[in-house]
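Participant: Below is the structure I would like to discuss, written out as structure tokens.
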Amino acid sequence: MRSKKRTPYLYMLPGLLMVLVFVYIPVIANCVYSFFRLSSYSQGMTFVGLDNYVRFFRNETFWIMIRNNSLYCIISLIVQVGFGTVIALLLESKLVKTRARNIFRNIYYIPALISLTAVGLMFTFVYEPNLGLLNSALKALGLSSMTQSWLGDSKLAIYCIIAMSQWQFTGYITLLMVVAFQNVSEDYIEAAIVDGAGPVRRAISILIPLAKEQLLVCIIITIIGAFKLFTEVYSTTAGGPGNSSQVLGLFLYQNAFLHDDLGMAAVTGVFIFVITMAISIVQIRVSRSGEQ
Amino acid sequence: MKKQTVLKVLLYALFILLAAIIILPLAWMFLNSLKTNKELFQNSLALPEVPQFGNWVKAWQSGLYRYFGNSLIVSVISLIGILVLSSLLAYGITRFQTKGGGLIFLIVLGGMALSEQVALVPLYKILKAIHIYNTYLALILPYIAFRIPFTVFLMRSYFLSIPKELEEAAIVDGYNSFQIFMKIIVPISKPVFSACGIVSLNHVWNEFLFANVFLESKKLMTIPIGLMTFKGDLRADYTGMLAGILLASMPLIILFLCMSRQFIRGLTAGAVKG
């Protein structure tokens, strides 16, 4: 009898231990580190109170990062979630044949399968001022006056990176929403057609409300992704020109492994943690409310 | 009826335009990976005079083959770990009325909110302290741990949809709980296993942050970080570099196109209902 009682825990233990040791403990340690001065190469730690926090919030790049991460977040919500959902609705329209729908859906999903570094490197070529696709195409179309130095322009760099991400991930949201719309029972749709509801009406009053949970999950994934942003910037501009495309994730990395300022990196981590945590609490609430 | 036709044409025109936007940069990269550097500099939009498949061979031999091997080892072991540990955990949570099961689920689910960046610095120190920094394990263990929460989340809702009667019949037949798991739960759950497998594989295969920080030696590097070192190794060989990016991106795309039907079915089968 005793062993019977223990069995369920034996199933849960290995996975739970992994999560505790490699996810929870480091995150807690990071919060502790944020009050200390410490280095990657030595064991010593000096307590400095809130000094790291003060330095973080007073840092000249703080507002640049907030601006860039927020821009990335807002544009991604509009394009990936907004436009991506519209595309999913259009793909689900009765006018589109199943075969065509599957082909387009798969094509749109392809960029999400390519690694962030590969996409980053590819777009460094696309944006390259002399031989890149963008400027070459503009010249070929007789629009030489519109050519830019793209990633080399401190005003444009962050927008170029954001555009690249929209190219990569809009199809991902479209796929998730197509799946959610397909889960909506045919009966509801048939009933709506009988009631004389047109396609737009059906989308607004049936498909979207019934796929609401999935839509919220997509919104949350997108917001969290925006504040974890790292590889996209690292592989294209590395935060430049100057600090114009600096973001929180890259700032953390650079402080930890280039400037050996682990305290500052830890504070940045805490800051990302607070933002993503707040959003995730909403996510858990939403996903739990769906069960009842 | 006329209006329908016009709408249909507009709709397809939009889909084709979007598909073109997706494909254009990829096609451009493909085209230029087959050119000589001189041709690329002259006009990146022109077709190659003679396709230079040698670029692909060169990219492969200048290190890509090793990065592929490393990615394969890391991904396969991580994937097995993720699927085994997550399915056992989800099984424990859903199929027993255990005290604390709900709490354990909440703790695991909470892991979804904790991002890699926040754990980065302490993990680096932990991996050094337990002497697995700069080994395959330095990637595999964190990859498994960070993918468990989402995978459990997906598997749990699938397992909950499996009727209890199946198990009760098996208990009558004298199965113990592990036999029930292996012979009933796992076979029924194939769609969710393949969906979770593809989602996790996509993540692990393409992961960059940990791979960049937890590995030092070139011999162990996975593809995403190998590509970044390519930049230095191939110096001004742009076409070789494009060939490398292309080759590195192929496997997952091909895998997805072959498995897209199972993938969608797994997701539709209630997995991402939330």
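As you go down the protein sequences, you meet chains V and F in turn.
The opening residue of the first sequence carries number 1 in the working numbering; numbering runs sequentially from there.
The opening residue of the second sequence carries number 1 in the working numbering; numbering runs sequentially from there.
Note that the Cβ used here is the ideal one computed from N, Cα and C, for glycine as well.
#1: Give me the chain V residues within the contact set of F:K183, using Cβ-Cβ distance strictly less than 7 Å, ordered along the chain.
#2: Taking 6 Å as the limit between beta carbons, can you name the residues of its chain near V:F257, skipping five residues before and five after?
#3: Report yes if the CB atom of V:P14 is closer than 9 Å to the CB atom of F:V118, and no otherwise.
#4: Measuring only between beta-carbons, confirm whether V:Q254 sits less than 9 Å from chain A.
#5: Measuring CB atoms only, is the stretch 52-72 of chain V touching the stretch 258-265 of chain V, in the sense that at least three cross pairs come out at less than 8 Å?
#6: Which first and last residues belong to the beta strand (DSSP E) in which F:R156 is found?
#7: Name the residues in the stretch 114-126 of chain F whose C-beta lies less than 9 Å from a C-beta of chain V; which are they?
#8: Could you spell out the range, first to last residue, of the beta strand (DSSP E) harbouring V:L38?
#9: Quick one: Cα of V:F62 to Cα of V:S136, how far?
#10: In terms of DSSP beta bridges, what is V:F47 paired with?
#11: Quick one: any contact between the stretch 208-216 of chain F and the stretch 131-148 of chain F, if contact means 3 or more CB pairs under 8 Å?
#12: Would you report the Cα separation of F:M241 and F:I107, rounded to the nearest angstrom?
#13: Taking Cβ-Cβ distances shorter than 9 Å, what residues in chain V pair up with F:A19?
#14: Classify V:G171 as buried or exposed, calling it buried when 16 or more other Cβ atoms lie within 10 Å of its own Cβ.
#15: Just how far apart, CA to CA, sit F:K125 and V:L90?
#16: Would V:M18 be called buried (16 or more neighbouring beta carbons within 10 Å of its own) or exposed?
#17: For the stretch 14-40 of chain F, list every residue whose C-beta sits within 9 Å of some C-beta in chain V, in sequence order.
#18: Spatial neighbours of V:N183 within its chain, please: C-beta separation below 7 Å, excluding the five flanking residues on both sides.
#19: Taking C-beta pairs closer than 8 Å, name the residues in chain V that F:V152 reaches, listed in chain order.
#20: Which whole-angstrom value is the C-beta distance of F:F208 and F:P224, which I expect to be below 8 Å?
#21: Between which two residues does the alpha helix (DSSP H) holding F:W205 run?
#22: So which residues on chain F does V:L131 lean against when the C-beta distance must stay under 7 Å?
#23: Just verifying my parser: in three-state terms, what is the DSSP assignment at V:L138?
#24: Using a Cβ cut-off of 9 Å, which residues of the stretch 169-180 of chain V contact any Cβ in chain F, in chain order?
#25: The alpha helix (DSSP H) that contains F:P163, what's its start and end?
#26: Check whether the Cβ atoms of V:V194 and F:F15 lie closer than 9 Å to each other.
#27: Expressed to the nearest angstrom, what Euclidean distance is found between the alpha-carbon atoms of F:K164 and F:Q179?
#28: Rounded to whole angstroms, what's the CA-CA distance from V:Y72 to V:T237? Just pull it up for me.
#29: Return the Cβ separation of V:E92 and V:V178 in integer angstroms, given the expectation that the two are a contact with Cβ distance under 8 Å.
#30: Return yes when the Cβ of F:L26 is within less than 9 Å of the Cβ of F:E243, no when it is not.
#31: Return no unless some Cβ of chain V is closer than 9 Å to the Cβ of F:P149.
#32: Just the C-alpha distance for V:G239 and V:F227, rounded to the nearest angstrom, thanks.
#33: So, at 7 Å on beta carbons, what are the nonlocal neighbours of F:I184 in its own chain, with the 5 sequence-adjacent residues on each side left out?
#34: Should V:Q148 and V:L141 be called a contact, given that it needs their Cβ atoms to be closer than 9 Å?
#35: Does any CB atom of chain F fall closer than 9 Å to the CB of V:Y33?
#36: Relative to the C-alpha of F:L154, which candidate in F:A129, F:P191, F:K2, F:L141 has its C-alpha closest?
Facilitator: Reading from the atomic positions:
#1: Counting from 1 along the second sequence, the entry for residue 183 of chain F is found at position 183. Near F:K183 there are no residues of chain V at all, since even the closest Cβ is about 16 Å away, more than 7 Å.
#2: Mapped onto the first sequence, residue 257 of chain V falls at position 257. Listed in chain order, the non-local C-beta contacts of V:F257 below 6 Å within the same chain number zero, local neighbours out to five positions each way being set aside.
#3: If you number the first sequence from 1, residue 14 of chain V lands on position 14. If you number the second sequence from 1, residue 118 of chain F lands on position 118. No.
#4: No chain A is present in this structure, whose protein chains are V and F.
#5: Yes, the stretch 52-72 of chain V touches the stretch 258-265 of chain V.
#6: Taking the first residue of the second sequence as position 1, residue 156 of chain F is located at position 156. In the DSSP annotation of this structure, F:R156 is not part of any beta strand (DSSP E); the continuous alpha helix (DSSP H) holding it starts and ends at 137-160.
#7: So the close ones are L114, S115, E116, Q117, V118, A119, L120, V121, P122, L123, Y124, K125, I126.
#8: Within the first sequence, residue 38 of chain V is the residue found at index 38, counting from 1. V:L38: member of the beta strand (DSSP E) spanning 36-38, first to last residue.
#9: Your numbering for residue 62 of chain V matches position 62 in the first sequence. Your numbering for residue 136 of chain V matches position 136 in the first sequence. Rounded to the nearest angstrom, the two C-alpha atoms are 36 Å apart.
#10: Locating residue 47 of chain V in the first sequence gives position 47, where the first residue counts as 1. Answer is V:F36.
#11: Contact holds: three or more Cβ-Cβ distances are below 8 Å.
#12: Position 241 of the second sequence, counted from the first residue, corresponds to residue 241 of chain F. Position 107 of the second sequence, counted from the first residue, corresponds to residue 107 of chain F. For F:M241 and F:I107, the distance between alpha carbons rounds to 44 Å.
#13: Walking along the second sequence from the start, residue 19 of chain F turns up at place 19. F:A19 reaches chain V at I103, F104, I107, Y108, counting residues in chain order whose Cβ is nearer than 9 Å.
#14: Along the first sequence, one-based indexing puts residue 171 of chain V at 171. Buried is the call here.
#15: The residue given as residue 125 of chain F occupies position 125 in the second sequence. The residue given as residue 90 of chain V occupies position 90 in the first sequence. The alpha-carbon atoms of F:K125 and V:L90 are separated by roughly 49 Å.
#16: Reading the first sequence from its first residue, position 18 is the one you call residue 18 of chain V. With 16 or more other Cβ atoms within 10 Å, it is buried.
#17: The residues in question are L14, F15, I16, L18, A19, I21, I22, I23, L24, P25, L26, W28, M29, N32, L40.
#18: Along the first sequence, one-based indexing puts residue 183 of chain V at 183. Closer than 7 Å at the Cβ level, and outside the excluded window around V:N183, lies no residue.
#19: Reading the second sequence from its first residue, position 152 is the one you call residue 152 of chain F. Using a Cβ-Cβ cut-off of 8 Å, F:V152 is close to G15 of chain V, given in chain order.
#20: Position 208 of the second sequence holds residue 208 of chain F. Position 224 of the second sequence holds residue 224 of chain F. Correct: roughly 4 Å between the Cβ atoms.
#21: Translated into the one-based positions of the second sequence, residue 205 of chain F becomes position 205. Here the alpha helix (DSSP H) through F:W205 covers 190-206.
#22: Taking the first sequence and counting its residues from 1, one reaches residue 131 of chain V at position 131. For V:L131, the neighbours in chain F by C-beta distance under 7 Å run, in chain order, L40, F41, S44.
#23: Looking up residue 138 of chain V in the first sequence gives position 138. The answer is helix: DSSP assigns V:L138 an H, G or I state.
#24: Legend: CB atoms of the stretch 169-180 of chain V lying less than 9 Å from CB atoms of chain F belong to residues T170, G171, L175, L176, V178, V179, A180.
#25: Reading the second sequence from its first residue, position 163 is the one you call residue 163 of chain F. For F:P163, no alpha helix (DSSP H) run applies, since DSSP gives it neither H nor E.
#26: Position 194 of the first sequence holds residue 194 of chain V. Position 15 of the second sequence holds residue 15 of chain F. F:F15 sits away from V:V194, with the two beta carbons spaced by 9 Å or more.
#27: Your numbering for residue 164 of chain F matches position 164 in the second sequence. Your numbering for residue 179 of chain F matches position 179 in the second sequence. So the two alpha carbons sit approximately 15 Å from each other.
#28: Translated into the one-based positions of the first sequence, residue 72 of chain V becomes position 72. Translated into the one-based positions of the first sequence, residue 237 of chain V becomes position 237. Taking the straight line from one Cα to the other gives about 15 Å.
#29: Taking the first residue of the first sequence as position 1, residue 92 of chain V is located at position 92. Taking the first residue of the first sequence as position 1, residue 178 of chain V is located at position 178. The Cβ separation is near 7 Å, so the contact holds.
#30: As a working note, residue 243 of chain F is residue 243 in the second sequence. As a working note, residue 26 of chain F is residue 26 in the second sequence. Checking the sequence shown, residue 243 of chain F turns out to be Ala, not Glu. The answer is no: Cβ separation not under 9 Å.
#31: Taking the first residue of the second sequence as 1, we reach residue 149 of chain F at position 149. Yes, contact with chain V.
#32: Counting from 1 along the first sequence, the entry for residue 239 of chain V is found at position 239. Counting from 1 along the first sequence, the entry for residue 227 of chain V is found at position 227. When rounded, the distance between both Cα atoms is 15 Å.
#33: The count along the second sequence starts at 1 and reaches residue 184 of chain F at position 184. Counting only Cβ-Cβ distances below 7 Å, and skipping sequence neighbours, we find L166, E167, A170.
#34: For the purposes of this step, residue 148 of chain V is taken as residue 148 along the first sequence, with counting starting at 1. For the purposes of this step, residue 141 of chain V is taken as residue 141 along the first sequence, with counting starting at 1. In this structure, V:Q148 sits away from V:L141, with a CB-CB distance that is not shorter than 9 Å.
#35: For the purposes of this step, residue 33 of chain V is taken as the residue at position 33 of the first sequence. Cβ-Cβ to chain F under 9 Å: yes for V:Y33.
#36: What you label residue 154 of chain F is simply residue 154 of the second sequence in a count that begins at 1. Answer by Cα proximity: F:P191.
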